[in-house]
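Here is the structure we will look at, set down as structure tokens.
Residue numbers (my numbering): 244 to 407.
Structure representation (structure tokens):
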């Protein structure tokens with residue numbers, strides 16, 4: 244990660260009519276996700292902003308829970324870090340297998356359910372008990388087999404977001 248100062252994107256900068264795809268490059272292969280700019284425009288804007296700025300380059304997946312999730316995007320590497328801001332919740336999409344979603348702190352300290360500024364997770368199985376609680380902003384469309392091999396400490400080489 245660079246020493247760049249990160250500031251919360253204050254408005255959506257994505258076109259909801261375009262198709263956005265994220266390529267999460269890992270040491271084990273690529274995970275390709277379709278991002279939902281129409282249902283989660285601020286989330287897609289933020290993910291693209293951080294990816295384009297190189298925020299994720301060299302960070303690790305700091306969490307692996309078998310048959311549940313892999314989680315990355317924390318510059319501290321222990322689940323407590325981020326870019327220095329959170330983003331508004333955009334809750335509505337479901338946690339299917341391969342859902343790409345934002346982590347967040349618990350309701351007791353975060354009653355508005357604001358999403359982590361940078362920590363994301365990929366659901367390794369359907370997790371309907373998380374529906375209506377966390378912001379899902381994408382879906383794995385290729386490389387779920389790669390996601391299933393990710394373990395704690397595996398490196399995110401880079402993330403690239405493309406628009407079509």
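Even glycine gets a Cβ: it sits at the ideal position worked out from N, Cα and C.
Residue i versus residue j - alpha carbon distance
i	j	result
residue 281	residue 394	31 Å
residue 284	residue 265	14 Å
residue 287	residue 257	7 Å
residue 349	residue 377	10 Å
residue 373	residue 338	7 Å
residue 270	residue 388	13 Å
residue 398	residue 354	32 Å
residue 278	residue 367	17 Å
Assigned secondary structure, residue i (DSSP; H/G/I helix, E/B strand, else coil)
i	result
residue 372	helix
residue 299	coil
residue 287	helix
residue 294	helix
residue 404	strand
Test item: CB-CB of residue i and residue j under 7 Å
i	j	result
residue 381	residue 275	no
residue 383	residue 341	yes
residue 299	residue 365	no
residue 262	residue 407	yes
Cβ distance (whole Å) where residue i is taken to contact residue j below 8 Å
i	j	result
residue 317	residue 362	5 Å
CB contact below 7 Å: residue i versus chain D
i	result
residue 390	Any reference to chain D falls outside this structure, which holds one protein chain only.
* Assess, as a yes-or-no matter, whether the segment 331-340 is touched by the segment 294-310 under the definition of 3 or more beta carbon pairs within less than 8 Å. => Cβ pair count under 8 Å is below three, so no.
* To do: Evaluate the contact criterion for the segment 320-331 versus the segment 349-359: three or more CB pairs, one atom per stretch, below 8 Å.
  => By the Cβ rule, the segment 320-331 counts as touching the segment 349-359, because three or more pairs are nearer than 8 Å.
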